[in-house]
Ligand code: 3PY
Ligand code: MG
């Protein structure tokens, strides 16, 4: 149940992960052996759903890397099931309104923060591990503390509402989707455009003022370094598929050189 990634961020250290698209438990293990802190099992753009995510989460636990899930939509069942199978955090795409985020907190945090439905599921050792067998209120408190609700800021509406969204109790942090945000701003993939960089600054400042974590996707090592320097808590660097192809291409190039 302990969330090592969260502990690290609380100590002021940045965390690094990647988007998991390869879709095999062996691939999860390999990412776990890389030194990365987390992976994001992507059920928004990836083809997976709850049962396969559960097995990827098991593999992540085996190799000591924190499993986050990007859920496919904002429904109660998507929130509930991914937390029940053991996700340590949910990244929720395409957020627009304060009301949507309040609903997500209601679905994803136990009483008294929200109204997450309870059942003795995998995340609590089916009711048999020590922390789950203890007083239910202690279990709720621990679970609310260790599992993170992280809305994505990637629409104009979310950007417009960001100060209010970060102030909602139960929101642990914000994940910036730079591609969709830049598209929403009418400047697709123009990550140096001042309209984009000013938006990033606004989200960063809102998170810092509210004491919430801030994450971003980065396809470039150099940009990732810059974000960490600016105060970002976490970077989702690239996608495992992209990293694999790039590494293999590099091997081929070097052998042929
Ligand atoms: C985006 O860039 O839109 C993302 O969601 C990153 O994963
Ligand atoms: Mg996106």
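In the working numbering, the protein residues as written are 602 to 858.
In this text, a Cβ means the ideal position worked out from N, Cα and C, and glycines have one as well.
Nearest candidate by alpha-carbon position, reference residue i, set the options
i, options, result
"residue 640", "650, 657, 652, 649", "657"
"residue 803", "667, 621, 755", "755"
"residue 722", "613, 730, 716", "730"
"residue 785", "736, 697, 610, 611", "697"
"residue 871", "746, 828, 771", "It is not possible to answer for residue 871, since the shown part of the chain is limited to 602 through 858."
"residue 859", "628, 618, 712", "As displayed, the chain neither begins before 602 nor continues past 858, which places residue 859 out of reach and without an answer."
"residue 830", "855, 615, 602, 735", "615"
"residue 683", "843, 700, 662, 653", "653"
"residue 626", "638, 714, 668, 646", "668"
"residue 710", "727, 726, 688", "688"
"residue 685", "801, 780, 728", "728"
"residue 757", "787, 659, 620", "787"
"residue 872", "629, 820, 701, 744", "Absent from the structure is residue 872, since the part of the chain shown begins at 602 and ends at 858."
"residue 700", "602, 762, 636, 671", "762"
"residue 630", "666, 602, 610", "666"
"residue 714", "636, 645, 738", "738"
"residue 638", "664, 725, 628, 647", "664"
heavy atom of the ligand NAD below 6 Å from residue i C-beta
i, result
"residue 697", "Of the ligands this structure carries, namely the ligand 3PY and the ligand MG, none is the ligand NAD."
Per-residue burial, residue i [other beta carbons within 10 Å of its own, 16 or more giving buried]
i, result
"residue 846", "exposed"
"residue 634", "exposed"
"residue 612", "exposed"
"residue 850", "exposed"
"residue 608", "exposed"
"residue 643", "buried"
"residue 852", "exposed"
"residue 623", "buried"
"residue 740", "buried"
"residue 772", "buried"
"residue 650", "exposed"
"residue 822", "exposed"
Assigned secondary structure, residue i (DSSP; H/G/I helix, E/B strand, else coil)
i, result
"residue 784", "helix"
"residue 726", "helix"
"residue 709", "helix"
"residue 736", "coil"
"residue 675", "coil"
"residue 650", "coil"
"residue 687", "coil"
"residue 655", "helix"
"residue 791", "coil"
"residue 619", "strand"
"residue 858", "coil"
"residue 773", "coil"
"residue 602", "coil"
"residue 719", "coil"
"residue 797", "helix"
"residue 643", "strand"
"residue 749", "strand"
"residue 833", "coil"
"residue 668", "strand"
"residue 840", "strand"
"residue 696", "coil"
"residue 635", "coil"
Min CB distance residue i to chain B below 7 Å
i, result
"residue 655", "Protein chain content of the structure displayed is limited to a single chain, and chain B is not contained in it."
Query raised in the report: Pairing CB atoms from the region 789-796 with CB atoms from the region 836-853, are three or more of them under 8 Å?
Result: Segments in contact, no.
Query raised in the report: Is the region 662-677 touching the region 690-699, taking contact as three or more C-beta pairs under 8 Å?
Result: Yes: at least three Cβ pairs fall under 8 Å.
Query raised in the report: Using 8 Å as the threshold, is the region 747-764 in touch with the region 702-709, meaning 3 or more CB pairs across them?
Result: Note that the region 747-764 touches the region 702-709; at least 3 beta-carbon pairs, one per stretch, sit closer than 8 Å.
Query raised in the report: Three or more beta-carbon pairs under 8 Å between the region 803-818 and the region 767-774, yes or no?
Result: Judged by pairs of C-beta atoms under 8 Å, the region 803-818 touches the region 767-774, as three or more such pairs exist.
Query raised in the report: Between the region 776-791 and the region 811-821, do three or more beta carbon pairs fall short of 8 Å?
Result: Judged by Cβ distances under 8 Å, the region 776-791 makes contact with the region 811-821, as three or more pairs qualify.
Query raised in the report: Where the beta carbon is closer than 7 Å to any heavy atom of the ligand 3PY, which residues qualify, in chain order?
Result: Output, sorted by chain position: 620, 694, 753, 755, 778, 779, 780, 781, 782, 818, 837.
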